[in-house]
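Residue numbers (the working numbering), protein chains in the order written: chain A, 1 to 333; chain B, 1001 to 1333; chain C, 2001 to 2389; chain D, 3001 to 3389.
Cβ atoms here follow ideal geometry from the backbone N, Cα and C, with glycine treated the same way.
Quantities reported herein were computed from a predicted structural model and do not represent experimental measurements.
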Ligand SMILES: Cc1ncc(C[n+]2csc(CCOP(=O)(O)OP(=O)(O)O)c2C)c(N)n1
Ligand SMILES: Cc1ncc(C[n+]2csc(CCOP(=O)(O)OP(=O)(O)O)c2C)c(N)n1
Ligand SMILES: [Mg+2]
Ligand SMILES: [Mg+2]
């Protein structure tokens, strides 16, 4: 056990926070195993597992053959044996070879067995764009997993949440798709207090109060939303920003409350707009807050094109201006 | 070429119509190849390719090894060589091993090559439930494909559309996910006139006029919607039913027109409600027809649980009563 | 070596995929019921004649009862009591041989056709029917008998098996030398499944970590309508060699050989010598499932030829010719089979349909608020009809 | 045979995955630049001394220019002109040997590292840079040089290659005996890729249909930070045997052997003898990509050892020692390399960024109405800023 007092608080990046969270989880539960491509000596291409194989050994931090279906499929077997596998998919775009094992096996094991074989397993996926990478390295696959009953899907947006949420996901009895905004890995540092008490894993959080328009975001777009709120306030518009944190199940309480107050909502994510999380959020909000809505819920997301060459990725990705543009449109609707 | 005069019209099932459509496509274009598990001698487990290997030979109707990724992946290679592969996925639940090839390769090939290597390819998927089958044989994966730019997704609901749409999909330059409501394969016969002129592939169709509520359906639920409309009319409620036919791209023109008229809409599909096609349709309708809506768009779909044991599948699937229940709720909202 | 420099045609070296087993086939009991010797494998060494006879009688009983389960289930499907049934007719020896080679601590990952293995592991056959009747998706508790749930997505379970075996390695129950402790996993799959990426990836993981798993492939010559040649042009057991672990072909209609070979392969795994591929060469005598019509794609004389290799008949001849069992025994087994059949018929019809609302249970370890709302809404909706009727 | 009956440890038979090539390695030119004989493969038979010299000089030039492309691109990445670059340093011989064995009608399915093959196929190296600069995802027209686009999802292209080869069979351009007509496909992939389900499925399809495809695996010993042992415990070329087609290991740092073996494998395919697996045994001298740091996971003396096997140096020695090339030739190649380097530096910086609105093009053969609306909306949005600045 790391002595909390020793390092009560320190400034850490998301990458470091996740690394600390994984380490803590491994110390707390000897059944926790990490597996993936290059997670061992290299510490993962993003260094999220840096130093863990050295300290916990090759039996608990496992470099796998280059096969995602194999990684998830053998992870399932380990979970059935009583372990708590935490598997890393190297990049979002490479989760698809494992898609069958995830949606047909991971998601259905508990239901199939009527609860006799629950499947505690975490599938870590660095997701989202903006890092100037080549094809398949900047995808946002969350909607497909959220559409799949049996899976839980969460996305962290900052170091503090990263530290706590990864530990909560590992301790949770259901399989969790754990989305990490890779663009944020080494971006901003935040003060981490390891002695604090975290919010529940499957709860959304109001991160900025406001009265005019509700902005819903998660993962990489939370930062964008907060920037937009800052900019808007200079023009006298006050945005209320909610970090959804959990995508399945959705925690709609705070969302409805906020929209009933503001009467207007904008959802922003990097995933394609068409059938992205925004479509579900807009539908639920409209069903629940029909008479409170002054304007339709607007969605600001990646366009409905494949992720483009990196030189124009910032045009593809939602940014401060596109969020503000949507805010204006909903205000002037 | 089959002489149209010879059999100008005949009553056929959806299975037969698809078989005739495939045969016609193969006669019209020698580059059309069929591949899949058991599509040869057996004619497919649903007999959709019945007799085609006998008449067109093993080089054009290819029994494949038992590997879906291999089927789609080699199909891509054939398309790159100038062929028009039509691959069969035996059941909806078995498309996932091929998911990576579909979303990362089939969907992106045209974009990746800036149009230099378009990928005309049809992936046939018998989909939906209600046939009393075991796990993985009753899935509705359409939303995941519709969320993927680069793919086109269509669903036929009746024999006549089946005959024409499969030929149009094969002749189309983009990859098409072709969804066939397996429960309808051998259900009702319809009068097929091979000399008629079909509607364009990517168009929705108004299949019943009405003034009170718009009901949107596709594939297997079109029949349900029409039954509901029939029942509702007996109680003096008139439903307007639209068969979407195309899920990506969506053909919203008729939909908006209808909703502007009725002010109310219900979407029904077998896929899970959460992030199903209904969420996108509801979002778009609300954005476009905000001031015409008397009530939020309601969604009637499969519940957000894995597809249940067949003995209770009819409770999971949307049926006439659940559609009418939603109709009542929107009318009394 | 041909001029090409790539060596001879491998089909010449290995022989074609299908040649009625071929010389490399491990056999200890011929179709005629004669015991034969094999240089590497033997059955019954060290057993007294009495114990040997008892063991073989046990195999006969297992296979007979397994076949009865299959016959009854097939009939139940015909009578509409089951939605579908995957018949194992002809594969009894492969499954009972493999099943009886397992120790309690060994774990099984089956396909949808392992009724004989389930029997050997002590799973109540009635529980197998639930899945095919559509009242559940596997009614037994995997942890009770170390027998996993049937897996329908072809090949998926081979990776689960490999991961489970990697877990055993980490639990320190491999290669300790303690026969009560050392454990292994057996992964069942078919000839068609051998083409799935997952199955080949499981070979890679198992070899890479030297996992204690036996890949037990029942090559019943068919994947629905496709013959083995479509999946492999050389004998399937050779597949393993390319992954760096041994493969062996055993007469899957010979329960003694199936037992001996599987037992040895499991022992290798338990001792920490890693994975083995066992190809049980057999034949699917029935249809793929009760919804299949084999007459569309295969010749009946092929089936006739295999009838002569029936796995149960040869054991009966062997027992009788060597006076290892008397008529009383055969009558008792027949009676037990009738009783089992009766129990299955009655039990199947008595299997309760699940409650509609049960579909919301166990989607997650604990029902989410979202699902509670959906379930309650549906419950209220259902109640709204109560009055109606 | 061990008592177990499963034969000897296959690692004993085949040897470990990694043993500096091992006895089975096909080599025709030693690291010291000495020509050696091989019972099955030879280089230059039937060529006049002049033609042979010219061919080898051609290889030297190809490898030298390929290396220069790699060096320049690496430098361009360091200067921020490229987002990333996948270096091929050390793999020039494998790629040029394979590339030069191709006929115009043969088709290539590359990974992201086949710069040398692209060079041989006549793809303008400048076009390769676009993908790594982020201005496109592959700027060349595959049909122009029969060289497919780079594939980043590991292994996916091996299935495309197999399907393409099946198309060739249907086009009647296999086994006709007409050397101008008969064609084959070559699929490139790495040692790590050999673990992907797709790659193994491509072996199954290719064997099942006897497709004219050569699986050319550059075993550069590493998959990013993972050594070959993680993917296979026996020499990789043996993998093919389990699928029923030949595998062979060639010295991937020997351009003559790489050429001879690939040429023979392609010829087999063109003649209709089916697939072959060629393992080009080589070493990744650089980092996995310019973003990788190999010092975290491998020893430098390993790299030093492989430096002595440099693919270009041995050819230079061979040419010089046998007076097959004069100083003039070497100077000319050096000058050509400098010129190429200059062209790449200038050309790369001149590569235009795509227009933002171009992302809506080519999603489909024809833009859908939905996308037209989205594009126009975005265009209007962009224009709204025009005034702003
Ligand atoms: C991934 C996947 N694809 C297709 C199917 C449909 N299917 C069920 S059984 C079967 C054939 C299996 O053949 P084999 O592996 O030889 O096993 P057998 O049925 O002969 O025991 C097929 C294609 C499936 N269940 N899963
Ligand atoms: C499906 C998939 N998983 C992971 C990756 C990330 N990745 C890119 S290259 C690589 C290693 C490939 O090693 P190898 O096949 O030996 O080829 P090499 O890079 O050595 O040429 C990995 C894991 C990927 N591109 N695709
Ligand atoms: Mg079989
Ligand atoms: Mg490599």
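Check, Outcome
"Straight-line gap, residue 2100 of chain C to residue 2064 of chain C (C-alpha atoms, nearest Å)", "14 angstroms"
"Cβ separation of residue 1987 of chain C and residue 2219 of chain C, assumed to be a contact under 8 angstroms, to the nearest whole Å", "Because chain C here runs from 2001 to 2389, residue 1987 of chain C falls outside it and cannot be looked at."
"Unbroken beta strand (DSSP E) run spanning residue 248 of chain A, endpoints", "246-248"
"Where residue 135 of chain A meets chain B, residues with beta-carbon distance less than 8 angstroms", "1108 and 1112"
"Nonlocal neighbours in the same chain, by C-beta distance under 8 angstroms from residue 2046 of chain C, ignoring five residues either side", "none"
"CA-to-CA distance, residue 1161 of chain B to residue 1261 of chain B, given in whole angstroms", "27 angstroms"
"Expected contact under 8 angstroms - CB spacing of residue 3035 of chain D and residue 3028 of chain D to nearest Å", "7 angstroms"
"C-beta contact flag for residue 1013 of chain B and residue 1034 of chain B at 8 angstroms", "no"
"C-alpha gap between residue 286 of chain A and residue 166 of chain A, whole angstroms", "32 angstroms"
"Interface residues of the region 2212-2227 of chain C facing chain B [CB-CB below 8 angstroms]", "2223, 2224, 2225 and 2226"
"Any non-hydrogen atom of ligand 6 closer than 7 angstroms to residue 2288 of chain C Cβ", "Ligand 6 is not part of the structure shown, which contains ligand 1, ligand 2, ligand 3 and ligand 4 as its ligands."
"DSSP three-state assignment for residue 2103 of chain C, whether helix, strand or coil", "coil"
"Under 7 angstroms by beta carbon: chain D residues contacting residue 2183 of chain C", "Chain D residues near residue 2183 of chain C: none, gap ~18 angstroms exceeds 7 angstroms."
"Closer than 8 angstroms to chain D by CB, residue 1148 of chain B", "no"
"Extent of the continuous beta strand (DSSP E) run through residue 35 of chain A", "32-36"
"Under 8 angstroms between C-beta atoms of residue 3135 of chain D and residue 3215 of chain D", "no"
"Short-range partners of chain A found in the region 2364-2385 of chain C, where Cβ spacing is below 9 angstroms", "2364, 2365, 2366, 2368, 2369, 2370 and 2371"
"Cβ-based burial, residue 3039 of chain D [other Cβ within 10 Å; buried from 16]", "exposed"
"Where the alpha helix (DSSP H) containing residue 240 of chain A begins and where it ends", "Unbroken run through residue 240 of chain A is the beta strand (DSSP E), 239-243; no alpha helix (DSSP H)."
"Cβ-heavy atom distance, residue 1112 of chain B to ligand 2, below 7 angstroms", "no"
"Counted within 10 angstroms of its Cβ, other Cβ atoms place residue 3308 of chain D as buried (16 or more) or exposed", "exposed"
"CA-to-CA distance, residue 3212 of chain D to residue 2002 of chain C, given in whole angstroms", "With a pLDDT of 43 at residue 2002 of chain C, under the threshold of 50, the modelled position of this residue cannot be trusted; read the value that follows with caution. For residue 2002 of chain C and residue 3212 of chain D, the distance between alpha carbons rounds to 18 angstroms."
"Under 8 angstroms between C-beta atoms of residue 2169 of chain C and residue 1067 of chain B", "no"
"Residue 3360 of chain D: contacting residues in chain A (beta-carbon distance under 8 angstroms)", "303 and 305"
"Same chain only: Cβ atoms within 7 angstroms of residue 304 of chain A, ignoring 5 sequence neighbours per side", "272, 273 and 274"
"8 angstroms Cβ cutoff, residue 3188 of chain D in contact with chain B", "no"
"Closer than 9 angstroms at the beta carbon, the chain D residues around residue 1117 of chain B", "3141, 3142, 3143, 3148 and 3149"
"Run of the beta strand (DSSP E) containing residue 2273 of chain C, from where it starts to where it stops", "No beta strand (DSSP E) contains residue 2273 of chain C, which DSSP labels as neither H nor E."
"Cβ shell of residue 21 of chain A (< 6 angstroms), same chain only, five flanking positions each side left out", "163, 166 and 167"
"Residue 3153 of chain D CB to nearest heavy atom of ligand 2 below 7 angstroms", "yes"
"Cβ of residue 283 of chain A within 8 angstroms of any chain C Cβ", "no"
"Residue 1047 of chain B beta carbon near ligand 4 (any heavy atom closer than 7 angstroms)", "no"
"Contact set between the region 1229-1246 of chain B and chain D, restricted to residues whose Cβ is under 8 angstroms from the partner", "none"
"C-alpha distance - residue 325 of chain A paired with residue 152 of chain A, whole-angstrom precision", "32 angstroms"
"DSSP three-state assignment for residue 10 of chain A, whether helix, strand or coil", "strand"
"Residue 3252 of chain D beta carbon near ligand 4 (any heavy atom closer than 7 angstroms)", "no"
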